[in-house]
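For the sequence shown, the working numbering assigns the number 25 to the initial residue and increments by one for each residue that follows.
Here a beta-carbon is modelled for each residue, glycine too, at the ideal position from N, C-alpha and C.
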Amino acid sequence: MTTTPATPDTHATDGTHATLVIGATGTTGRRVTAGLIAEGRRVKAAGRTPTPTPTPQPGAQPVRFDWNEPATWTGALDGVDRVYLVPPTGSPDPAEVMLPFLRQAREAGVRRAVLLSSSAIPAGGPAVGRVHERLPGLFEEWAVLRPSWFMQNFAGSAPHARTIRDDGAILTAADDGRVGFIDAEDIAAVAVRALTDEHAPNTDLILTGPQALSYADVAAIVTEVTGLPVVHRRLTFEELRDRWAAEIPLEFATMLAAMDRAIADGAEDRTSDTVERLTGRPPGTLRAFAERELRAAASH
């Protein structure tokens with residue numbers, strides 16, 4: 025595959041503007057922050073506390089930001105000309121708070137917005153799909169990242185990671201459906217390009233890893249890498265919905281369970297070349313992710 029070298033955006037490096045990273049200590053946000061700083065960009069690292077925990081990378085300016093507190097928006101937007109948008113966690117209707125913020129951002133001088141969405145949610149679809157639909161009308165420079173399911177769902181404190189540790193099982197309603205699982209490192213690398221290249225993508229970008237895998241495939245890889253026996257346990261839509269509803273609002277739990285049902289129907293059985301096309305390198309494999317993040321954890 026041939027790739028076109030990225031053209032630096034001189035406006036972004038003139039020292040007068042910063043990039044606001046919302047969710048700067050989260051799964052993609054902290055990686056985006058690190059990637060921007062590595063390129064010499066000014067970053068305002070947004071979090072709900074004045075000094076987010078964990079602390080943002082050295083070189084980032086911590087700034088208080090809460091989607092549900094509009095009083096925090098003005099300070100976060102001061103001196104910013106581009107923004108990385110991570111929707112509020114667990115909200116079935118993020119557009120309610122995000123669209124007023126985006127209008128204020130445009131008025132404050134933000135000219136480029138990069139939104140984290142999902143491969144499962146098209147423009148105009150549920151949840152963040154409404155924000156996706158409106159973004160091109162708000163900003164001349166924009167991108168919507170639509171990654172497939174994160175490999176990080178199998179690590180740390182994520183629900184699949186917990187059941188792998190506690191039950192030796194991955195519980196889904198996806199049957200034999202396959203997913204192009206993607207490493208958050210690759211999502212962040214694309215986000216940095218979308219934020220900093222001279223020309224914004226001005227489109228939505230489907231992001232996947234190099235292979236579409238079933239959850240049984242994932243369980244086999246985790247078993248091989250960690251030495252711990254892991255299986256895929258199939259649930260019905262109702263069983264999965266009820267498990268989620270014990271932790272999150274029913275409406276959101278129903279939407280997540282429906283996404284698993286869509287996987288079973290083949291909705292995520294695809295791969296894309298977007299990561300390599302924008303970054304110049306291929307996306308990482310699930311095995312490489314497991315060797316990096318799961319093997320050491322399994323030995324403790």
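Taking Val246 as part of the alpha helix (DSSP H), name the residues at either end of that continuous run. On the sequence shown, residue 246 is found 222 positions in, with the first residue counted as 1. Tyr239 to Thr250 is the extent of the alpha helix (DSSP H) around Val246.
Could you check what DSSP says for Leu44 in three-state terms: helix, strand or coil? As a first step, residue 44 is located in the sequence shown; it is residue number 20 there, counting from the start. Three-state DSSP puts Leu44 in a strand.
Of the choices Gly114, Ser141 and Ile230, whose alpha-carbon is the least far from that of Asn92? The residue given as residue 92 occupies position 68 in the sequence shown. For the residues Gly114, Ser141 and Ile230, the minimum Cα distance to Asn92 belongs to Gly114.
For Asp297 and Ser172, the rounded distance between their alpha carbons: Numbered from its first residue, the sequence shown carries residue 172 at position 148. Numbered from its first residue, the sequence shown carries residue 297 at position 273. One C-alpha to the other measures close to 13 Å.
With a Cβ-Cβ cutoff of 8 Å, do Val203 and Ala236 count as a contact? As a working mapping, residue 203 is identified with position 179 in the sequence shown. As a working mapping, residue 236 is identified with position 212 in the sequence shown. Going by C-beta atoms, Val203 is nearer than 8 Å to Ala236.
In the DSSP output, which residue or residues are listed as bridge partners for Thr196? On the sequence shown, residue 196 is found 172 positions in, with the first residue counted as 1. According to DSSP, residue pairing for Thr196 in a beta bridge involves Arg258.
Could you give the uninterrupted runs of the beta strand (DSSP E) lying entirely in the region 112-200, keeping only those of 3 residues or more? You should have 136-140, 165-171 and 193-196.
State yes or no: is the C-beta of Met175 within less than 8 Å of the C-beta of Leu310? Working through the sequence shown from its first residue, we reach residue 175 at position 151. Working through the sequence shown from its first residue, we reach residue 310 at position 286. Cβ atoms of Met175 and Leu310: closer than 8 Å.
Taking 8 Å as the limit between beta carbons, can you name the residues of its chain near Ile206, skipping five residues before and five after? Within the sequence shown, the letter at position 182 stands for residue 206. Excluding positions up to five away in sequence, the list reads Pro171, Ser172, Trp173, Phe174, Met175, Leu231, Thr232, Gly233, Val299 and Pro307.
Once DSSP output is grouped into helix, strand and coil, what is the label at Ile287? To locate residue 287, count along the sequence shown from 1; it is residue 263. The answer is helix: DSSP assigns Ile287 an H, G or I state.
I'd like the list of long-range same chain contacts for Gly153, defined as Cβ closer than 8 Å, with 5 residues on each side in sequence excluded. As a position in the sequence shown, residue 153 is number 129, starting the count at 1. Contacts found: Ser141, Ile145, Pro146 and Ala147.
Would you check if the distance between the CB atom of Ala62 and the CB atom of Val138 is smaller than 8 Å? Within the sequence shown, the letter at position 38 stands for residue 62. Within the sequence shown, the letter at position 114 stands for residue 138. It is not a contact, given that the beta carbons lie outside the stated cut-off.
Given a threshold of 16 other Cβ atoms within 10 Å of its Cβ, counted over all protein chains shown, does Gly53 qualify as buried or as exposed? In the sequence shown, the residue the question calls residue 53 occupies position 29. Flag for Gly53 reads buried.
Relative to the C-alpha of Ala70, which residue among Arg189, Thr96, Thr250 and Val155 is closest? By one-based count along the sequence shown, residue 70 stands at place 46. It is Thr96.
Beta-carbon contacts of Leu366 that lie in its chain and below 6 Å, excluding the five residues immediately before and after: In the structure displayed, the chain extends from 25 to 324; residue 366 sits before or after that span and is not available.
Keeping to the same chain, check which residues put their C-beta closer than 8 Å to that of Pro112; ignore five residues upstream and five downstream. To locate residue 112, count along the sequence shown from 1; it is residue 88. Closer than 8 Å at Cβ, skipping near neighbours: Trp91, Asn92, Pro118, Val121 and Met122.
Residues in its own chain within less than 6 Å of Arg265 by CB, not counting five upstream and five downstream? By 1-based counting over the sequence shown, the position of residue 265 is 241. Contacts found: Ala277, Thr278 and Ala281.
For Gly103, the nearest candidate out of Pro86, Gly64, Pro82 and Ala42 (CA to CA): For the purposes of this step, residue 103 is taken as residue 79 along the sequence shown, with counting starting at 1. Ranking Pro86, Gly64, Pro82 and Ala42 by Cα distance to Gly103 puts Ala42 first.
If we count the other Cβ atoms within 10 Å of its Cβ and call it buried at 16 or more, is Pro32 buried or exposed? By 1-based counting over the sequence shown, the position of residue 32 is 8. The predicted position of Pro32 is uncertain, since its pLDDT is 47 and thus under 50; no value can be drawn from it.
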